[in-house]
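See below for the structure under consideration.
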Amino acid sequence: MRTGAITELQRLTVSLRGGFELKERYLLFSFTGQLDAYSERQFRDFVSEYVAKSKLPLVLDLSRVDFLDSSGLGALVQIAKQRNEAKQKFFVVGNSRVVQTVKLVRLEAFLNLQPDLPTALSSFASA
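For the sequence shown, position 37 (counting from the first letter as 1) is numbered 36 according to numbering that gives the first Met the number 0, and the numbering increases by one without interruption.
Here it is in structure tokens:
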């Protein structure tokens with residue numbers, strides 16, 4: 000099982016690319032670029048398209064996202080609310096910029112923020 004980042008990403012907007020992989024025990028999304036007011040709708044639509052078809056846990060890998068603003072945070076919160084209401088697991092993986100932004104607004108626990116992808120995926124190894 001490959002645990003690295005998704006390498007082939009499709010362009011969602013000029014500033015955001017995303018990819019998706021269906022694994023045996025979880026859904027893995029990987030993004031690169033900027034998650035902001037200009038890309039949050041496409042981000043939500045892209046994730047929702049796949050999540051609606053599956054009850055598997057969700058991992059959002061934002062470790063290659065350069066910039067996250069309040070609109071991007073809002074999209075993450077909306078996804079988190081949907082997952083919590085459905086009682087479905089999800090994790091957000093972020094780099095130092097993403098982590099700093101999420102911690103600034105004290106959402107790390109709500110978003111199940113993980114320090115890296117292997118840590119997030121380790122919860123599925125024995126599941």
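For every residue, glycine included, the Cβ atom is placed at its ideal position computed from N, Cα and C.
Beta bridge counterpart(s) of residue i as assigned by DSSP
i	result
VAL64	GLY32
GLU23	GLU23 is not bridged to any residue.
LEU57	LEU26 and PHE89
GLN9	GLY17
LEU112	VAL91
Anticipated Cβ contact below 8 Å, residue i with residue j, distance rounded
i	j	result
PHE30	PHE19	Going by Cβ atoms, the distance from PHE30 to PHE19 rounds to 10 Å, so no, they are not a contact pair.
PRO56	LYS88	4 Å
Beta-carbon contacts of residue i that lie in its chain and below 7 Å, excluding the five residues immediately before and after
i	result
ALA126	Because ALA126 sits at a pLDDT of 48, beneath the cut-off of 50, its placement in the model cannot be relied upon, and the following sentence gives the value as read from the coordinates. Around ALA126: ARG24.
THR12	TYR37, SER38 and GLN41
VAL97	LEU61, VAL64 and LEU67
GLU107	VAL101
LEU110	LEU75, ALA79, VAL91 and VAL101
LEU112	VAL91, GLY93, VAL98 and VAL101
Reference residue i; option with closest CA among the options
i	options	result
SER53	VAL64, ALA108, ARG82 and ALA74	ARG82
VAL50	LEU21, LEU116, LEU72 and LEU61	LEU21
LEU34	ALA74, THR118 and LYS86	ALA74
LEU120	LEU72, VAL58, ARG43 and GLY93	VAL58
VAL46	ILE78, LEU116 and LEU72	ILE78
ASN94	GLU84, LYS86, LEU116 and ALA85	LEU116
Contact set for residue i: own chain, Cβ-Cβ below 6 Å, skip 5 residues either direction
i	result
ALA36	SER70
ARG16	LEU8, ARG10, THR31 and GLY32
SER122	none
beta-carbon residue i near the ligand PLP non-hydrogen atom, thresh 7 Å
i	result
PRO56	The ligand PLP is absent from the structure shown, which contains no ligand whatsoever.
Own chain partners of residue i with C-beta closer than 8 Å, once the 5 adjacent residues on each side are dropped
i	result
VAL104	LEU72
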